[in-house]
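Q:
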Amino acid sequence: MSNYKKISQLLTIILFMALLIVPSTIMFFNPKEKKQNKNEEELSEIDRVNELFQKEFGLKTELIDSYFKFKNNINVSPLPNSCVVGKSGWYFLGNEYNNLFDDSFGYNTVIDSQELETIKNNIESMRSFLTSKGIDFKIVVPPNKHRVYPEYLPYSHPQKKTRLEILNDYLKKEIDFEIVYLRDTLVKAKSEKLLYYKTNTHWNDYGAYIGYNYTMKIINKTHDLPIAGIEEYEEVIQPIKVNDVTQQINLTFKEDAIFLQKKDTIATKIIFSKYHKQVFSNPSKTKTLLMHRDSFANAWMGFFNESFGTTIYLRGYKLNKELINKEKPDIVIFEMIERNLFENLSK
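With the sequence shown counted from 1, adding 1141 to any position gets you our numbering.
In structure tokens, the structure reads:
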């Protein structure tokens, strides 16, 4: 065997051994802080080694991140079930979240008749209780970003009825109840300003204001409440804090967005503020709003605070009858993002 072949084989062996040894060496000498597993004491030695190998194997994170970045650079979703890479820097949640990507086109929208009846009964029960107290009840749904900006999705399908549209038709027919779906009003307004973040699933302050304004007009069909005008706010450009969509594929982007800040001194006072509950008081206004909400309400709470004397915001969607009897709200709103509608209403 020639010296060249011997050297070539030796280098191959050395390279192969390095590929085996280096990642393991990095795993044990990685300066990054290791997180303690809360059940570590219950694990056998073999289980501990297996868990350590799976979680901390050297270069695992770096290789995965490199793969994600490579796929993103060629506009291909590395985890399409979690995050869909759209056009022009837009990112969307995938079907992992209540099949929302398919449902945006009205695909795979099979709805069990029992589920429809359960939702109908739940809504009718809540409405009956609130009506008996003289309280108006609204369910208001911000649309999935896919439904407002479908032109930035990587592909399109012929549009069919979505689960929400099917449910709304059913509710109107069965109990004369209509969910306030904000899609149409947002689509009409999107040519004026950007209404959703590109790398985050939520609407921005402008989108939230459009939704608030439309909701207040619906409420004012039976009330006479003040509506904050867009001219009362000034635009401030700031980076958004969280890229909650692109975080699904370990990517972080700097995205600047327009935020709306009140020009005049805010009269609203914070009475109570925890994650599960916030209460605000506005001495210059009357009437009380109780809103069950999710994270989409973060951007529009300040607007509703300008229309009511007292605003109470709760996480979760179970009516607290004791609280209602105590606070005597004039209006109860269930705000929930479109993708979680069935899950929230069928409980």
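For glycine and all other residues, C-beta sits at the position ideal for the given N, C-alpha and C. Small disclaimer: the values here were computed from a predicted structure and weren't measured.
Given a cut-off of 8 Å, decide if Leu1327 and Val1282 are closer than it, judged by their beta-carbon atoms.
A: Contact: no.
Q: Three or more beta-carbon pairs under 8 Å between the stretch 1364 to 1379 and the stretch 1443 to 1453, yes or no?
A: Yes, the stretch 1364 to 1379 touches the stretch 1443 to 1453.
Q: Can you give me the Cβ contacts of Val1377 inside the same chain, cut-off strictly under 6 Å, excluding the 5 residues immediately before and after it?
A: Around Val1377: Phe1400, Gln1402.
Q: Can you list, in chain order, the residues of its chain with a C-beta nearer than 7 Å to that of Ile1252? Leave out the 5 residues immediately preceding and following it.
A: These residues qualify, in order along the chain: Arg1304, Ile1307.
Q: So for Ile1320, helix, strand or coil by DSSP?
A: In this structure, Ile1320 counts as coil in the three-state DSSP scheme.
Q: Report the CB separation of His1417 from Arg1456 in whole angstroms; it is logged as a contact under 8 Å.
A: About 5 Å separates the two Cβ atoms, so the contact holds.
Q: State whether the stretch 1270 to 1280 contacts the stretch 1468 to 1475, with contact taken as three or more CB pairs (one from each stretch) at a distance under 8 Å.
A: Counting Cβ pairs under 8 Å, three or more are found: they touch.
Q: Are there 16 or more other CB atoms within 10 angstroms of the CB of His1364, so buried, or fewer, so exposed?
A: That one is exposed.
Q: Would you call the CB atoms of Asp1397 and Pro1424 closer than 8 Å?
A: No.
Q: Say whether the stretch 1336 to 1355 touches the stretch 1309 to 1316, bearing in mind that this needs 3 or more beta-carbon pairs closer than 8 Å, one atom from each stretch.
A: No: the two stretches stay apart, fewer than three of their Cβ pairs being nearer than 8 Å.
Q: Give the straight-line distance between the Cα atoms of Pro1299 and Tyr1454, rounded to the nearest whole angstrom.
A: Each residue's Cα considered, the two are about 38 Å apart.
Q: Do you know how far the Cα of Tyr1458 is from the Cα of Phe1483?
A: Whole-angstrom Cα-Cα distance: 12 Å.
Q: Under a Cβ-count criterion, where at least 16 other Cβ atoms within 10 Å of its own Cβ denotes burial, should Glu1476 be classed as buried or exposed?
A: Glu1476 comes out buried.
Q: Roughly how many angstroms lie between the CA atoms of Asn1466 and Ile1264, to the nearest whole one?
A: Whole-angstrom Cα-Cα distance: 19 Å.
Q: Can you tell me whether Phe1475 is helix, strand or coil according to DSSP?
A: If DSSP states are grouped into helix, strand and coil, Phe1475 belongs with the strands.
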